[in-house]
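Enquirer:
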Ligand SMILES: [Zn+2]
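Residue numbers (this note's numbering): 2 to 292.
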């Protein structure tokens with residue numbers, strides 16, 4: 002009985018220490034060790050609770066391993082290191098398809114990925130080695146999708162899949178089958194929506210991947226804060242413009258047609274914005290929303 006208990010104890014001890022070592026090994030490989038000083042400094046100076054809560058200073062990615070959100074990091078671009086070197090030696094193109102839509106602005110929202118044409122059921126493989134962080138379904142967005150945290154510090158998103166073949170927390174190698182392509186979610190035809198992100202921030206994958214050859218441009222990729230995330234300023238401005246509201250105070254002799262013309266809008270739009278009819282009589286001093 003004694004012997005049995007001892008064996009049990011040491012077996013347990015072995016597993017605990019082994020899993021500890023294992024975890025440490027995985028964690029350290031995700032750390033972009035050299036370029037983190039800048040981030041730490043910024044994070045210590047930052048007063049927002051959210052940042053400090055989500056980013057223990059001894060670690061950037063590691064302590065945040067959640068399948069809840071695509072970007073749980075919420076690190077402002079300004080606090081990213083100026084440049085980060087990414088090891089891209091072991092890359093596999095996830096799908097051999099022509100690009101049908103590039104990274105960039107779209108009419109209503111920014112397109113954070115690159116779309117690659119495929120047929121439903123085509124195989125989709127992991128771009129780099131790493132670990133499956135998210136397996137989820139979004140009816141109005143990504144459809145069935147997978148997010149992988151890679152050992153080189155990048156994260157990739159694979160969306161509109163017809164079938165996911167991996168599980169949460171599973172380790173995958175570059176080129177390993179992870180899913181079948183499809184047309185799920187907000188998608189108008191079978192394609193793979195592929196995103197590449199660093200610390201939650203998407204950048205144009207075409208600067209890393211040559212989609213004609215299916216290879217990376219270089220073995221090392223330099224993420225440069227000013228170049229890689231330049232678009233975020235444009236996105237912020239577009240959002241601001243969208244939510245900008247302008248009012249006009251009605252003066253003597255004004256009518257809807259004049260007010261609309263002067264403010265670069267239409268009578269129809271004025272009526273919609275203010276919930277009024279075209280024949281509505283205007284009151285002096287009345288405030289009308291014109292934007
Ligand atoms: Zn897309």
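Note that the Cβ used here is the ideal one computed from N, Cα and C, for glycine as well. Keep in mind the model is a prediction, meaning the values are calculated, not measured.
With 16 as the cutoff for other CB atoms within 10 Å, does residue 140 come out buried or exposed?
Expert: By 1-based counting over the chain shown, the position of residue 140 is 139. Classification of residue 140: exposed, given that the 10 Å Cβ count is below 16.
Enquirer: Using a threshold of 7 angstroms, is the CB atom of residue 201 nearer than that to any non-hydrogen atom of ligand 1?
Expert: Indexing the chain shown from 1 puts residue 201 at position 200. Checking the 7 angstroms criterion, the Cβ of residue 201 is out of range of every heavy atom belonging to ligand 1.
Enquirer: Name the one or two DSSP bridge partners that residue 115 has.
Expert: The residue labelled residue 115 in the question sits at position 114 within the chain shown. For residue 115, which the question treats as bridged, DSSP gives the partners 195.
Enquirer: Find out if the Cβ-Cβ distance for the pair residue 261, residue 251 is shorter than 8 angstroms.
Expert: As a working mapping, residue 261 is identified with position 260 in the chain shown. As a working mapping, residue 251 is identified with position 250 in the chain shown. Cβ atoms of residue 261 and residue 251: not closer than 8 angstroms.
Enquirer: Does the beta-carbon of residue 170 have 16 or more other beta-carbons within 10 angstroms, so that it is buried, or is it exposed?
Expert: Locating residue 170 in the chain shown gives position 169, counting from the first residue. Classification for residue 170: exposed.
Enquirer: Give me, in chain order, the residues of the same chain whose beta-carbon lies closer than 6 angstroms to that of residue 122; leave out the 5 immediate sequence neighbours on both sides.
Expert: Indexing the chain shown from 1 puts residue 122 at position 121. The beta carbon of residue 122 is closer than 6 angstroms to those of 181 in its chain, skipping five residues each way along the sequence.
Enquirer: Would the beta-carbon of residue 218 be found less than 7 angstroms away from any heavy atom of ligand 1?
Expert: Working through the chain shown from its first residue, we reach residue 218 at position 217. Flag unset: Cβ of residue 218 not near ligand 1.
Enquirer: Taking just the CA atoms, how far does residue 130 sit from residue 153?
Expert: Here the question's residue 153 lines up with position 152 in the chain shown. Here the question's residue 130 lines up with position 129 in the chain shown. Each residue's Cα considered, the two are about 8 angstroms apart.
Enquirer: On the DSSP bridge list, what partners appear for residue 204?
Expert: Walking along the chain shown from the start, residue 204 turns up at place 203. The partner list for residue 204 (beta bridge, DSSP) reads 197.
Enquirer: Kindly say whether residue 194, judged by its beta-carbon, lies nearer than 8 angstroms to any beta-carbon of chain E.
Expert: No chain E is present in this structure, which holds just one protein chain.
Enquirer: Within 8 angstroms, do at least three Cβ pairs link the stretch 226-235 to the stretch 190-206?
Expert: yes
Enquirer: Measuring alpha carbon to alpha carbon, tell me which residue in 126, 108, 107 is nearest residue 98.
Expert: In the chain shown, the residue the question calls residue 98 occupies position 97. Minimum Cα distance to residue 98 is reached at 126.
Enquirer: Within the present structure, is the beta-carbon of residue 229 separated from the nearest heavy atom of ligand 1 by less than 7 angstroms?
Expert: Sequence index remark: in the chain shown, residue 229 carries index 228 (1-based). No; taking the cut-off as 7 angstroms, the Cβ of residue 229 has no heavy atom of ligand 1 nearer than that.
Enquirer: Mark residue 138 as exposed unless 16 or more other C-beta atoms lie within 10 angstroms of its C-beta, in which case mark it buried.
Expert: The residue given as residue 138 occupies position 137 in the chain shown. Exposed is the call here.
Enquirer: Closer than 7 angstroms: is that where the CB of residue 114 sits relative to any heavy atom of ligand 1?
Expert: By 1-based counting over the chain shown, the position of residue 114 is 113. Yes, the Cβ of residue 114 comes within 7 angstroms of a heavy atom of ligand 1.
Enquirer: In whole angstroms, what separates the C-alpha of residue 174 from that of residue 128?
Expert: Position 173 of the chain shown, counted from the first residue, corresponds to residue 174. Position 127 of the chain shown, counted from the first residue, corresponds to residue 128. The alpha-carbon atoms of residue 174 and residue 128 are separated by roughly 8 angstroms.
Enquirer: Is residue 78 helix, strand or coil when you go by DSSP?
Expert: Residue mapping note: residue 78 aligns to position 77 of the chain shown, counting from 1. Of the three classes helix, strand and coil, the one that applies to residue 78 here is helix, per DSSP.
Enquirer: I need the boundaries of the beta strand (DSSP E) containing residue 181, first residue and last residue.
Expert: By 1-based counting over the chain shown, the position of residue 181 is 180. Counting along the chain, the beta strand (DSSP E) containing residue 181 begins and ends at 178-181.
Enquirer: Do you know how far the Cα of residue 236 is from the Cα of residue 112?
Expert: Start at 1 with the first residue of the chain shown, and residue 112 comes out as number 111. Start at 1 with the first residue of the chain shown, and residue 236 comes out as number 235. Roughly 10 angstroms separates the two Cα atoms.
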